[in-house]
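A.B. asks:
Number of protein chains: 2
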Amino acid sequence: MARTQAADYDERRAKIVHAAAALFAARGFASASVAEIAAACGASKSLIYHYYPGKEDILFAVMEGHLAALLAAARAVPDGPAPDRLRALAGALMHEYAGAAARQKVLLNELDQLPPERRARIVAEQRAIVATVEVMVAEIAPALPPRQRFAAAMLFFGMINWTHTWWNPAGPLGPDAIAQQVAAIFLHGLHAS
Amino acid sequence: MARTQAADYDERRAKIVHAAAALFAARGFASASVAEIAAACGASKSLIYHYYPGKEDILFAVMEGHLAALLAAARAVPDGPAPDRLRALAGALMHEYAGAAARQKVLLNELDQLPPERRARIVAEQRAIVATVEVMVAEIAPALPPRQRFAAAMLFFGMINWTHTWWNPAGPLGPDAIAQQVAAIFLHGLHAS
DNA sequence: CCTACCGATCGGTAGG
DNA sequence: CCTACCGATCGGTAGG
Numbered sequence: 113m114a115r116t117q118a119a120d121y122d123e124r125r126a127k128i129v130h131a132a133a134a135l136f137a138a139r140g141f142a143s144a145s146v147a148e149i150a151a152a153c154g155a156s157k158s159l160i161y162h163y164y165p166g167k168e169d170i171l172f173a174v175m176e177g178h179l180a181a182l183l184a185a186a187r188a189v190p191d192g193p194a195p196d197r198l199r200a201l202a203g204a205l206m207h208e209y210a211g212a213a214a215r216q217k218v219l220l221n222e223l224d225q226l227p228p229e230r231r232a233r234i235v236a237e238q239r240a241i242v243a244t245v246e247v248m249v250a251e252i253a254p255a256l257p258p259r260q261r262f263a264a265a266m267l268f269f270g271m272i273n274w275t276h277t278w279w280n281p282a283g284p285l286g287p288d289a290i291a292q293q294v295a296a297i298f299l300h301g302l303h304a305s
Numbered sequence: 113m114a115r116t117q118a119a120d121y122d123e124r125r126a127k128i129v130h131a132a133a134a135l136f137a138a139r140g141f142a143s144a145s146v147a148e149i150a151a152a153c154g155a156s157k158s159l160i161y162h163y164y165p166g167k168e169d170i171l172f173a174v175m176e177g178h179l180a181a182l183l184a185a186a187r188a189v190p191d192g193p194a195p196d197r198l199r200a201l202a203g204a205l206m207h208e209y210a211g212a213a214a215r216q217k218v219l220l221n222e223l224d225q226l227p228p229e230r231r232a233r234i235v236a237e238q239r240a241i242v243a244t245v246e247v248m249v250a251e252i253a254p255a256l257p258p259r260q261r262f263a264a265a266m267l268f269f270g271m272i273n274w275t276h277t278w279w280n281p282a283g284p285l286g287p288d289a290i291a292q293q294v295a296a297i298f299l300h301g302l303h304a305s
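Those sequence lines, one after another, are chains A and B. Positions in the first sequence are counted from 1; adding 112 to them yields the working numbering. Positions in the second sequence are counted from 1; adding 112 to them yields the working numbering.
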């Protein structure tokens, strides 16, 4: 039987992942050192290695945790007509990004730093979210050839995901304002295609 | 007085920048080594340092060269009604990206690896291209509040720039097909806003 | 334009 | 004899 763990085991893991996300976002995965992550946690490097077997495992934890939140947000979109679902998804994603800018940036920029197997798992989860949008596109624009359905879905994610380069969640345009503008452009644009 | 230079001086610099762009795109700036760049050029590490004072200067050259091409493409868009200019710009950018996928990826992913002054210069050049789209937006949707004009322009670039994550230039959808779809969605979407 | 190196710092692990 | 953690240092490699 396993013996007792530190009472705050999960809390500590979460703190490490959080600090790592901020560092990886600011300086890049390869440039940020484990020593910096440890310092940001007020702990020793050995403590980090007690909780994670390696630096790369921390990167994977950052991405997996963020993707799990995105998938949950996508699944929480209520049933209804496709345009409503798309608006709801845009809003849910923008709200998720607003509170997780660092994790979002890491997910988008550091995928190549993962070994093939783990990268494939992340990509598969991303594709699951994309697939939900492809279904909406098929419903909104039935005349669109299947080949362009995927492209259309990716143009939607382009508008949404690119926001991390220019959008300030604390600025005058909140997550809902951006989500509405994205959904409006996409829905009217698709309909006219 | 300056002594003579190698006859193929510019050619060699271009080769270094090209090899570096491929390496930086594939492994990231921090993870790619100068030794790898040298090997890709069939040269020694010292040869690289003869042509560029440091690794970061090579990164800057990759970005500057690519942005110069993008700016030239943007300036080559002929005068006319804003919708026509936007369609032409989308096509010009997609054609530029099609032949420079590695440079495009480096420009989008490694900006943080540049020191503040140089990063500011790159950002300023990017903003110049964005400004041309803001002018088009103002012409297409005069009712749109100025504050949302910038956001709309960035949503356009989101669709365009995000293509580097999913689009295969050699696939069934060529640069013109993507550009047309982007322009159609954006123009119809904006008009209805 | 190369080989031979340097100061520094990396990710990861030893003993206690 | 366990888990949780520390100070110190390992072998190897980075940019220059």
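Glycine is no exception: its CB is placed at the ideal position from the N, C-alpha and C atoms.
Does any C-beta atom of chain A lie closer than 8 Å to the C-beta of B/A264?
C.D. replies: Yes, contact with chain A.
A.B. asks: In this structure, how does DSSP classify B/L219 when only helix, strand and coil are distinguished?
C.D. replies: Three-state result, B/L219: helix.
A.B. asks: Measure the C-alpha to C-alpha separation of B/S145 and B/I234 and round it to an integer number of angstroms.
C.D. replies: Cα-Cα distance, rounded: 23 Å.
A.B. asks: At a CB-CB cut-off below 9 Å, which residues of chain B make contact with A/Q260?
C.D. replies: The contacting residues are L285, A289 and Q293.
A.B. asks: Is the Cβ of A/Q225 closer than 8 Å to any Cβ of chain B?
C.D. replies: At least one chain B Cβ lies under 8 Å of A/Q225.
A.B. asks: Report yes or no: do the segment 292–303 of chain B and the segment 251–262 of chain B share at least 3 C-beta pairs separated by less than 8 Å?
C.D. replies: Judged by Cβ distances under 8 Å, the segment 292–303 of chain B makes contact with the segment 251–262 of chain B, as three or more pairs qualify.
A.B. asks: Only counting the same chain, and skipping five residues up and downstream in sequence, which positions put a Cβ closer than 7 Å to that of A/V174?
C.D. replies: Excluding positions up to five away in sequence, the list reads V129, A132, A133, F136, R215 and V218.
A.B. asks: Counting only Cβ pairs nearer than 9 Å, list the residues of chain A close to B/N273.
C.D. replies: Simply G270, W274 and T277.
A.B. asks: At the level of alpha carbons, what is the spacing between A/V247 and A/F269?
C.D. replies: Roughly 14 Å between the two C-alpha positions.
A.B. asks: From the beta carbon of A/N221, is the nearest beta carbon of chain B less than 8 Å away?
C.D. replies: It does: the Cβ of A/N221 has a partner Cβ on chain B nearer than 8 Å.
A.B. asks: Whose C-alpha, out of B/F262, B/Y209 and B/A184, is nearest the C-alpha of B/D288?
C.D. replies: The candidate whose alpha carbon is nearest that of B/D288 is B/Y209.
A.B. asks: Cα-Cα, which of A/A240, A/Q293 and A/P284 is closest to A/A180?
C.D. replies: Of the listed residues, the one whose Cα sits closest to A/A180 is A/A240.
A.B. asks: Over the uninterrupted alpha helix (DSSP H) stretch that includes B/H178, give me the two end residues.
C.D. replies: Here the alpha helix (DSSP H) through B/H178 covers K167 to R187.
A.B. asks: Between A/S143 and chain B, is there a C-beta pair that is closer than 8 Å?
C.D. replies: Judged by the 8 Å Cβ criterion, A/S143 is in contact with chain B.
A.B. asks: Taking the C-alpha atoms as reference points, what is the distance between B/R125 and B/Y164?
C.D. replies: Each residue's alpha carbon lies about 8 Å from the other.
A.B. asks: Please confirm whether A/L159 has its beta-carbon closer than 8 Å to some beta-carbon of chain B.
C.D. replies: It does not; no Cβ of chain B falls within 8 Å.
A.B. asks: Straight-line CA distance for B/A291 to B/L205?
C.D. replies: Taking the straight line from one Cα to the other gives about 8 Å.
A.B. asks: Label B/A147 either buried or exposed according to how many other C-beta atoms from any shown protein chain fall within 10 Å of its C-beta, with 16 as the threshold for buried.
C.D. replies: So B/A147 counts as exposed.
A.B. asks: So with Cβ pairs under 8 Å, would you call A/L179 a contact of chain B?
C.D. replies: Not one chain B Cβ lies under 8 Å of A/L179.
A.B. asks: Starting from B/G166, find everything on chain A with Cβ-Cβ shorter than 8 Å and list it in chain order.
C.D. replies: The premise fails here: B/G166 is roughly 15 Å from chain A at the closest Cβ pair, so nothing lies under 8 Å.
A.B. asks: Do the CB positions of B/G140 and A/D224 come within less than 8 Å of each other?
C.D. replies: In this structure, A/D224 lies closer than 8 Å to B/G140 by Cβ.
A.B. asks: Count the other CB atoms within 10 Å of the CB of A/E222; is the residue buried (16 or more) or exposed (fewer)?
C.D. replies: Buried is the call here.
A.B. asks: What are the boundary residues of the alpha helix (DSSP H) that A/S143 is part of?
C.D. replies: Here A/S143 belongs to no alpha helix (DSSP H), and DSSP marks it neither H nor E.
A.B. asks: Near B/A150, what residues of its chain come up, given a Cβ to Cβ distance below 7 Å and the 5 sequence neighbours on each side ignored?
C.D. replies: Hits under 7 Å: S156, K157, L159 and I160.
A.B. asks: Taking buried to mean at least 16 other C-beta atoms within 10 Å of its own C-beta, is B/A236 buried or exposed?
C.D. replies: B/A236 should be labelled exposed.
A.B. asks: Grouping DSSP H, G and I as helix and E and B as strand, with all else coil, what is A/Y164?
C.D. replies: In the structure shown, A/Y164 sits in coil (DSSP, three-state: anything other than H, G, I, E or B).
A.B. asks: Buried or exposed for A/N273, going by 16 or more other Cβ atoms inside 10 Å?
C.D. replies: Counting Cβ neighbours within 10 Å, A/N273 comes out buried, since at least 16 surround it.
A.B. asks: Using the Cα positions of B/W279 and B/A212, report the straight-line distance between them to the nearest angstrom.
C.D. replies: One C-alpha to the other measures close to 13 Å.
A.B. asks: Any idea what DSSP makes of B/T116, helix, strand or coil?
C.D. replies: Low confidence applies here, because B/T116 scores a pLDDT of 46, under 50, leaving its location unreliable; read the following figure in that light. Here B/T116 sits in coil by DSSP.
A.B. asks: In angstroms, rounded to a whole number, what distance separates the CA positions of A/D169 and B/K127?
C.D. replies: Cα to Cα, A/D169 sits roughly 36 Å from B/K127.
A.B. asks: Check whether the Cβ of A/M113 lies closer than 8 Å to any Cβ atom in chain B.
C.D. replies: With a pLDDT of 40 at A/M113, under the threshold of 50, the predicted position of this residue should be treated as unreliable, though the coordinate-derived value follows. It does not: the Cβ of A/M113 has no partner Cβ on chain B nearer than 8 Å.
A.B. asks: On the criterion of 16 or more Cβ atoms from any shown chain inside 10 Å, does A/A232 qualify as buried, or is it exposed?
C.D. replies: Exposed, since its Cβ has fewer than 16 Cβ neighbours within 10 Å.
A.B. asks: Our contact map puts B/A264 next to B/V242 with C-beta atoms below 8 Å; I'd like the distance itself, whole angstroms only.
C.D. replies: With 8 Å as the limit, B/A264 and B/V242 do not qualify as a contact, their Cβ atoms being about 11 Å apart.
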